[in-house]
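Just so you know, the sequence shown maps onto residues 9 to 101 in this note's numbering. The beta carbon of each residue, even a glycine, is placed where N, CA and C say it ideally should be. Every value quoted in this text rests on a predicted model; they were computed, and no experiment measured them. Reviewing the structure listed below.
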Amino acid sequence: MPANLVFRFDHIAPNSGTSLFIHGYSNKQAVNYSAVVYPGSGAGVLFPLGRINLTQGETFRHVDGTVARKVYIQNLAPFNSCAVDILHTVENF
9 MPANLVFRFD HIAPNSGTSL FIHGYSNKQA VNYSAVVYPG SGAGVLFPLG RINLTQGETF
69 RHVDGTVARK VYIQNLAPFN SCAVDILHTV ENF
């Protein structure tokens, strides 16, 4: 099953994090998230590091029956920014 692009963060600062609220899943879908990281630039950084931590957080059920999930991304590079593609695979059951 191919992974599909959900969102792209163009810039996450060094040692910083961000989150994403992804909604629109049905009640009978299992979702798996993954990420592709692209090292950014930093002052005096000759070899930028591309390293992140991806965590799936809370799951919410809306009153209309759809499900939403919150994803957290932390840039672990101490001196350079990064860009991150968030991908997901969805299985219906």
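Length of the line joining the Cα atoms of residue i and residue j
i, j, result
"Gly50", "Pro56", "7 Å"
"Ile60", "Asp72", "34 Å"
"Gln67", "Arg77", "Reading off the sequence, residue 67 comes out as Thr, not Gln. So the alpha carbons of these two residues sit roughly 5 Å apart."
"Pro10", "Cys90", "24 Å"
"Ile30", "Val79", "8 Å"
"Ser24", "Pro86", "9 Å"
"Val39", "Thr97", "6 Å"
"Asn88", "Tyr46", "11 Å"
"Leu54", "Val44", "21 Å"
For residue i, the three-state DSSP class (helix, strand or coil)
i, result
"Lys36", "coil"
"Gly65", "strand"
"Asp72", "coil"
"Val53", "coil"
"Ser27", "strand"
"Ser42", "strand"
Sub-8 Å separation of residue i and residue j beta-carbons
i, j, result
"His19", "Gly58", "no"
For residue j and residue i, believed in contact at Cβ under 8 Å, the rounded distance
i, j, result
"Leu95", "Leu28", "With a Cβ gap of about 12 Å, Leu95 and Leu28 do not count as contacting."
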